[in-house]
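> Pasting a structure below so you can have a look.
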Amino acid sequence: VVLTWCRFEKSLYDLIRGLRNHKGNEKEYIQNCLKECRSEIRSPDMDLKATALLKLIYLEMNGHDMSWASFHVLEVMSSQKYHQKRVGYLGAVQSFRPDTDVLMMATNLLKKDLASSHPTTITLPIVALPHLVTPSLALSLLGDLLPRLTHSHASIKKKTVVTLYRLALVYPEALRAAWPKIKERLMDKDEDPSVTAAIVNVVCELGWRRPQDFLPLAPRLFELLVDGGNNWMAIKLIKLFATLTPLEPRLVRKLLPPLTNLVKTTPAMSLLYECINGIIQGGILGDGEDFSAREEVASLCVSKLRGMVSINSDPNLKYVALLAFNRIVTTHPMLVAEQEDVILECIDSEDISIRIKALDLVQGMVSSDNLLSIVSRLMRQLKASSSALAQQQDGQEDLDDSSEDGSGRRAKSQEQTAPLPDDYTIDVIGRILGMCSQNNYANVIDFDWYIDVLTQLVRIAPPPSPRDLDSDSSSSPKSVDISERIGNELRNVAVKVKAVRPAAVRAAELIISRLSTDTVSSRPVVTGALKPLAFVVGEYAFQLSSPDDTLRNMLGLVPRVDYPEVLATCLQSIPKLFAHVAGDDRALWTPERKSSLSLLMARVIHILEPFAQHPYLEVQERAVEFIELLRLTAEAASGQAPSTDEIQQDAPLLLTQAIPSLFTGWELNSVAPGAQYNVPIPSGLDLDEPIHPNLGSLLSQADSLMLPTQGDDEFEVYYNQRPAPTSIYSGPAIERLVDAPEEVGSSYQQAGEESYLDADIVARRKAERRERNKDDPFYIPDMSSSRTGTSTPIHNILQKENGPDLDIDAIPIMSLDLEKLSVSGPSRHQQSQHPRQARQKIVIEADETLGGSGGNSGVSTPGGAARPGYDSENNSDSFNLSKTAKKPKQKSLLQFNSSVLGGLSLTDEQRPDDGFAHERQQKEEAEMALAMKEVQRLRLEMQRANERIQVAQGVPSEGVAVVKKKKKKTKTVVKADEGEEGA
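In terms of the numbering used here, the sequence shown opens at residue 30 and continues consecutively.
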């Protein structure tokens, strides 16, 4: 008996099953499998070799290297059996790279398989070539690949067309050689639809690089678009025509009927979107020849996009529809504004990307008619988010409550709206400011409402992040605190709109008072809104309702300010407030006034003294100036005797005239930033001259300078700061739980102000409205005012004429003769119809410019470019421009660079003499790059030499530095000559 030992090798199925059975010990199992594959792939048995290669391919997909088996892959590729050859080509696609050594050995094998008589064998190298191709390999195989364009099998022709495009990316001359045959296949109406679709895909990829080469194909492409019947090919054709219409405007009229028909009839959402996108990008909506047809197409596209946005089941459709809306809004903003309801619904979407696109769209379609509703919608969203965040913080503070109460509170908090991210909140606030300040506040109708919105935004704005606190706020627009931008808007309204300046000043006063009372005295003030608000209350102190309290609040906030720019502005506003409080020349100089002003000056000096050594020069300079001025004023006040019953004394002139005169004169207006370029540079200004000889040592000592904090002065805190209000509630805990917000019915005057404004702001607005309309006989007061006894003028007249015992039922009923009224009615009716009262026009001042820059038409810049008319220093558009800064180029997802095809002309009849034109072109480009670098170096040297000559010409001929050197040399020579003569 002869015993035969049989060896059973693992198949791919055994490898996968064993890997699943060795969970937790996969690494050791895989290493054993790799050892087995190394021994099996060296076997002369081709079946065993192919099985081992198949297992290596699977392991390579899991991250294990198989580059060491490249020669064995080539062996399996050369097998005569199709199932083994297929495994070899799969291994080549997975493991071969352009720098693989055995790749040059595969050239003859690829040529042989391309010339095979079996279609299945020909398919293998055609499919593998796009993954393996190099310039030399493309040059070698181009002649073998071109005959496959006329193969009898449509699948081979289709794959050959796509492979030729991949070859053209590394060897552009391949496309020039293959284009006549590709064009022939495209123009053949009897060609297989799959081959035609493949050619259309290649032409679409090439068309956006050189669209002028494909204009002659427009009739055939149009025929395929109309009669093709393939949605995916139609999408490609629409994209191609979008690049051709700018070159041939007559295509617009030709394309309009089929595209309109597709938009009306197609059930495919992808084709519908591409049709609309092609209409937009192709300039059909902007064609001015046929206005009615253009408006009809635009209306059709907008209606279809509305349907896509209304589909709640697919967020992808919503996103692409919003993208299309953003392109249409530039040419047809009114049509897009009609879809305001569905667009505003997207603002509350759970998908943050949909929210951002909806915000972009809303910002483009805003007008004076819809600004109020749009801002109200955004404000409600922000208010709900801030309320949810406050509830979360309160819940964290009350974690020590009972377990029952805590679980109920957590369950209730889950039902509330989740807080929004700070980045999104900042973005929304920036867009609100941009929409309201657009075109110099052209869309704002009610500035009182806008001031209240700004006040609310200051309260809900997120605090700056720690990275923003560490960075310099003036380094870039993106690093500016959003609360500072809100304060800048309030300052712009106060400066530009004089009609509402008192309301803006009162709002700034209210915000500063809230900052002083809400923040803990030991914590620093981090909000950037304090800087513009301090300017407002200081510049317009005469319009403050309580200047004494405002000055007290500013004195309490200044020691807690960390930003030097904010601190410098606050120090400038304190003397203005003091001048308004103490500078009344009509008030008697009584002992009470003398003592109160003396204490006030002592307190101001005490607060400003630490800043006299501040490292920031602006802060130091202003602190020193005001300290010395107030010390002189204090001495004058102490030396001035107070008034008595017998003698009337006037206040010191330093208080009543000198200090107030420092801040009176010309009114400060908004100046455009471009106006600075028109100011001539003074002749004696030398920016290179050092400010201080020991500036370096002063700056080094600034780090060790420590300023006292407000928490160190307990006396100051106790006597000059009001304690925070406290309230004790003795009711059950269930009553303190926050219920779900109820929908409050909006009034006819302002839509739902209660939903996005705080209660104190709403109450103040109602009180102002009630006071403004109290004498209006046509104003109906609310029920609360009626219960309190408030009555209209008609009620007062009735009460006055008839007494308190007026019986309404005793009023006689008059009989009306309708026939008499019909005769005289029309004329009376016409007389009673007064013309509609025009809306009150509020004057908004434009930015000031200098040097004849055209006023508000534009601002000239050094580069010669013209800026928009409204370009104030805090224009909200800068917030959006900072986001669209220059971004690095993104690589293609397929890692293919098609830029080499941009310089290849398919219509050029000149052919290269040999096949190495691409190599010569690369060599010439390299030489040209070196030459350009050399020219750039020489140009820079010439520029530096020219600058040195210009600087030398600007210095007088008897320049100090040059003359000193010459004098020294001259003296040395003279002494030598005298020595020689003496010798």
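For every residue, glycine included, the Cβ atom is placed at its ideal position computed from N, Cα and C.
1) Scan the segment 88 to 133 and note each continuous alpha helix (DSSP H) run of 4 residues or more that stays entirely inside, going in chain order.
2) Between the Cα of residue 525 and those of 871, 154, 139, 44, spot the shortest distance and give me the residue it belongs to.
3) Looking at residue 513 and residue 561, is the spacing between their C-beta atoms short of 8 Å?
4) With respect to the alpha helix (DSSP H) encompassing residue 348, which residues constitute its N-terminal and C-terminal limits?
5) Enumerate, from N- to C-terminal direction, the unbroken beta strand (DSSP E) stretches of 3 or more residues contained entirely within the segment 643 to 721.
6) For residue 563, tell me which candidate among 667, 483, 606, 591 has the shortest Cα-Cα distance.
7) Bridge partners of residue 69, per DSSP?
8) Where does the unbroken alpha helix (DSSP H) through residue 457 begin, and where does it stop?
9) Give a yes or no on whether the C-beta atoms belonging to residue 685 and residue 577 are separated by under 8 Å.
10) Around the C-beta of residue 359, are 16 or more other C-beta atoms found within 10 angstroms, so that it is buried, or is it exposed?
11) According to DSSP, simplified to helix, strand and coil, what is residue 395?
12) My assumption, with CB atoms under 8 Å, is that residue 544 sits in contact with residue 518. Please give the rounded CB distance.
13) Going by C-alpha distance, which of 204, 158, 164, 214 is nearest residue 180?
14) In the DSSP assignment, find the alpha helix (DSSP H) that holds residue 513 and state where it starts and stops.
15) So residue 474 and residue 415 are in contact, right, with Cβ under 8 Å, and what is the actual spacing, rounded?
16) Once the 5 residues before and after residue 162 are set aside, which same chain residues still bring their CB inside 7 Å of it?
17) Is the Cβ-Cβ distance between residue 593 and residue 654 less than 8 Å?
18) Round the Cβ separation of residue 388 and residue 457 to the nearest angstrom and send it over; I've been treating them as touching at under 8 Å.
19) From the DSSP output, which residues share a beta bridge with residue 554?
20) Which residues does DSSP pair with residue 324 in a beta bridge?
21) So residue 382 packs on residue 348, CB below 8 Å; how close in whole Å?
22) Is it true that the segment 152 to 160 meets the segment 184 to 194, where meeting means three or more beta-carbon pairs spaced less than 8 Å apart?
23) Do you know whose CA, among 107, 806, 148, lies nearest residue 137's CA?
24) Would residue 721 pass as a contact of residue 727 if the rule is Cβ separation under 8 Å?
25) Expressed to the nearest angstrom, what Euclidean distance is found between the alpha-carbon atoms of residue 725 and residue 658?
26) Would you mind reading off the limits of the alpha helix (DSSP H) that contains residue 364?
27) Between the Cα of residue 490 and the Cα atoms of 410, 471, 464, which residue gives the shortest distance?
28) Over the uninterrupted alpha helix (DSSP H) stretch that includes residue 547, give me the two end residues.
29) Counting only the same chain and skipping the five closest in sequence on each side, list residues whose C-beta sits under 6 Å from that of residue 902.
30) Counting C-beta neighbours from all protein chains within 10 Å, is the total for residue 568 16 or more, i.e. buried, or is it exposed?
31) Excluding the five sequence neighbours on either side, which residues of its own chain have a C-beta within less than 6 Å of the C-beta of residue 572, listed in chain order?
32) Since residue 471 is in the alpha helix (DSSP H), which residue starts that stretch and which ends it?
33) Just how far apart, CA to CA, sit residue 45 and residue 51?
34) Comparing C-alpha positions only, which one of 151, 239, 238, 279 sits nearest to residue 251?
35) Use the C-beta contact count for residue 696: other C-beta atoms within 10 angstroms, 16 or more gives buried, fewer gives exposed.
This is what the structure holds:
1) 99 to 106, 111 to 124
2) 871
3) yes
4) 344 to 357
5) none
6) 606
7) Per DSSP, none; premise fails for residue 69.
8) 451 to 465
9) no
10) exposed
11) coil
12) Actually they are not in contact, since the Cβ atoms of residue 544 and residue 518 sit about 17 Å apart, beyond 8 Å.
13) 214
14) 511 to 525
15) Not confirmed; about 26 Å, so no contact.
16) 195, 196, 199
17) no
18) 7 Å
19) 590
20) According to DSSP, which records beta bridges pairwise, residue 324 is partnered with nothing at all.
21) 6 Å
22) yes
23) 107
24) yes
25) 30 Å
26) 362 to 366
27) 410
28) 530 to 547
29) Interpretation of residue 902 is limited by its pLDDT of 44, a score under 50 that renders its predicted location unreliable; the figure taken from the coordinates is listed afterwards. Contacts found: 702.
30) buried
31) 531, 534
32) Neither: residue 471 is in no alpha helix (DSSP H) and is coded neither H nor E.
33) 10 Å
34) 279
35) exposed
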